[in-house]
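In what follows, a single structure is set out as structure tokens and then discussed.
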Amino acid sequence: MVCSGRDFRLPVYSTSRTVTFTPDPEGPRRVLLDKTIVKDPRFEWTRDKMLVLREVTHEDQGLYSIKLSSGFTYEAVRLTVSACIKSHHRFYGQNFEHHIPENGSLLEFTPWGAPPEAMPVVLWNRTDPETSDAGRGRLLRAGKVWVAERVTQADQGNYTVRNDRGKVVSRSTLTVRGRSLNVTRFSKESLNLPLFLPVPHARLIFTPTRYPDESSLGPYDPKPPRGPVQLIREGHITDHDMRYRGLVSLGRNGTLNEVVIMRLSARHDGLYEIRDVDGNLVSSTWLQVIEKGGRWRTFLKSITVPSGMFVSLAGFLLFMRRYPNCSLSQIISSLRGNRTLPANPPRVNIQDYSQPSPQPSSYYSHHQPPGTPRKMTPRASPSHTVRPTV
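Each step along the sequence shown adds one to the number in full-length UniProt numbering, with nothing skipped, and position 291 is 291.
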């Protein structure tokens, strides 16, 4: 397979052979080389016995046969010509370089979405420079490279190089994308958004992921906007959204301009899109704001429970290793046996000592029938006995 516009080389290795060509689809066969005589002016016969075809086209597809003097086909080569479209990808604001072959005379551009009947734009013409669209790019490196500076989505499309006869030499496609970022910030921190374009051409559009609570608003209070909000228009900060009033500013970081949003909170979660005045996407940034301390609490909870389970399991394994003959049922029985049962306090007769009542001596020697619980009666201590004086 050979790319359209490139050279095709067919080794013959002899000066006594004949080369024929049968086009594909089927067509009349013709002789290209008879010994050392070239029959087609588009071909060249080199000293190293090579038959060369310059700038192949789709009409050159087919079967090339090398025959001996006896008419026997020594070798056959089938040529397939492909467009060989090369794909290029650039971010918004980058440069795009397109190589110009030596036989290239014209560079055309067809934007994506153009109708089929639309004429391509001539970006460069070797023979007629006045017809070139100089506003889109310029030739550098002695005319070998065509450069488009600061490309946008408007530069997406097909780039075709043709020779002086209008034949296609090379084809390329260009895709331009905006930068995509995912950013996480803590509350009260700042967000820096690089612009990648001049400030007067910048637009910043915010699409929230959560909408503000309107339950606390009165019937006459202005409601906050819902949906996309334009924070910067043609380089000027707007104050239509109360969530960003006094928080948005323009600054510079080295060679890049940037937008700075200060004192972030959860209400600033969402998508931030920077576009130029034509609506081309420069960058898109997804922002998530995390309240300070919330992440650490979640982290501690996530490690506390597994750590406790691990420590308990490790302690159980160490215990079983120390006492290998102890089974789980024995441990449970031991724990049940060590329970302390509630104590039953002894019953005590409490008598009134303020009025001593005379009792016969037989009261203290009263016989109790067997099986009857004995009543415990407190007695006065001898050290506290008072003898009456006579």
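Every residue gets a Cβ at the ideal spot worked out from N, C-alpha and C, and that includes glycine.
Taking every protein chain shown into account, the CB of V77 has fewer than 16 other CB atoms within 10 angstroms, so this residue is exposed. Distances from the CA of V277 to each of R243, R233, V161 were compared; the closest alpha carbon is that of R233. Pairing I205 with E258 gives a Cβ-Cβ distance that is not under 8 Å. The shortest C-alpha to C-alpha distance from T20 to any of V38, D269, I290 is the one to V38. Looking at the backbone, the Cα of G5 and that of T73 are separated by about 28 Å.
Its Cα nearest to that of A148, the residue L174 stands out among R126, S170, L174, T127.
P23 sits in a strand when the DSSP states are folded into three classes. Of the candidates H99, V289, C3, T80, the residue whose Cα lies closest to the Cα of T209 is V289.
In the structure shown, the three-state DSSP call for S312 is helix.
Rounded to the nearest whole angstrom, the C-alpha separation of P228 and T207 is 4 Å. For R243, the secondary structure class from DSSP, reduced to helix, strand or coil, is helix. Within its own chain, the residues whose Cβ lies closer than 6 Å to the Cβ of R245, once the five positions on either side in sequence are excluded, are D239, listed in chain order.
Three or more pairs of CB atoms, one per stretch, sit closer than 8 Å, so the region 8 to 23 contacts the region 57 to 69.
Residues of the same chain with a CB within less than 6 Å of the CB of S283, apart from the 5 flanking positions on each side, are G178, R179, I274 in chain order. Taking one beta carbon from each stretch, the region 109 to 121 and the region 38 to 54 have fewer than 3 pairs nearer than 8 Å; the two do not touch.
Around the beta-carbon of E291, fewer than 16 other beta-carbon atoms lie within 10 Å, marking it exposed. According to the DSSP assignment, P194 belongs to the beta strand (DSSP E) that extends over 191 to 194.
Per the C-alpha coordinates, the member of G270, M262, S82, G254 positioned closest to E189 is M262. In the structure shown, M1 falls within a coil segment according to DSSP collapsed to helix, strand and coil.
If one requires a minimum length of 4 residues, no alpha helix (DSSP H) run lies completely within the region 231 to 277. Assignment of beta strand (DSSP E) within the region 166 to 205, counting only whole runs of 3 or more residues, yields 168 to 177, 179 to 186, 191 to 194 in chain order.
Taken through DSSP and simplified to helix, strand or coil, Q156 comes out as coil. In summary, D60 is buried, with 16 or more beta-carbon neighbours lying within 10 Å of its beta-carbon over all protein chains present. CA-CA distance, N182 to L250, rounds to 21 Å. Going by C-alpha positions, V12 is about 6 Å away from M50. Here the alpha carbon of P111 sits roughly 27 Å from the alpha carbon of V199.
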